[in-house]
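Residues 460 to 598 (the working numbering) are what the sequence shown spells out, left to right. Okay, structure first, notes after.
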Amino acid sequence: MEASESYGPRDKKPVSINNNIVEYNDGTYKYQSRPKFNQTPKYIKIKHDYNIVEYNDGTFGYGARPATTKSEKKNDLLLKRAQQLQNAEQLVREFEKTHTINAHRKAQRAVNIVSFEYSVKKHVLQERIENVLKKGYVK
């Protein structure tokens, strides 16, 4: 036996296939895997009482656990963030009425402080400020 035969990759390569029997280049034989025929997928046919489900193949099982949503307790931080948003909305309204530099500074500062959780509302407030700025200040 030469060194080149015993070392290196020993890939089995199929030489011939006869009646589901595969012959490899190293002289070994093997059966091919059985063909997998199309099967209808398992699905829920009927939902009975008490979360018992019947599948299309006649078997029974329990359905998914009911998803219960826990009501979120408003803690101090959430209340503070909501208060900041209300304050910003009120200052923007005031700026829309007065068009003064002082009101603009207060409104812009309040909008900048608003939490990222209210990003959509924050963006709307910023657009309202920019629309007033396009009209100009009142001296």
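The beta-carbon is built from N, C-alpha and C at its ideal position, and this holds for glycine as well. As the structure is a computational prediction, the values presented were derived from the model and not from experiment.
Exposure label - residue i; buried when at least 16 CB within 10 Å
i      : result
PHE496 : exposed
LEU536 : exposed
HIS582 : exposed
ALA566 : buried
ALA526 : exposed
LEU538 : exposed
ALA523 : exposed
VAL474 : exposed
VAL597 : exposed
Which of helix, strand or coil DSSP assigns to residue i
i      : result
TYR502 : coil
ASN497 : coil
ASN478 : coil
Beta-carbon gap between residue i and residue j smaller than 8 Å
i      : j      : result
GLN543 : VAL573 : yes
LEU592 : GLU548 : no
LYS504 : TYR490 : no
GLU553 : ALA562 : yes
ASP516 : LYS501 : yes
LYS472 : TYR488 : no
VAL551 : ILE588 : yes
Near the ligand SAH: residue i beta-carbon under 7 Å from a heavy atom
i      : result
ASN510 : No copy of the ligand SAH appears in this structure; indeed no ligand is present at all.
CB contact below 8 Å: residue i versus chain B
i      : result
GLU589 : The displayed structure is made up of one protein chain only, and chain B is not part of it.
| request: Could you pull out every unbroken alpha helix (DSSP H) segment of at least 4 residues lying fully inside the stretch 550-596, listed in chain order? | output: 560-572 and 578-594
| field | beta strand (DSSP E) runs contained entirely in the stretch 515-539, provided each spans 3 or more residues | value | 519-521
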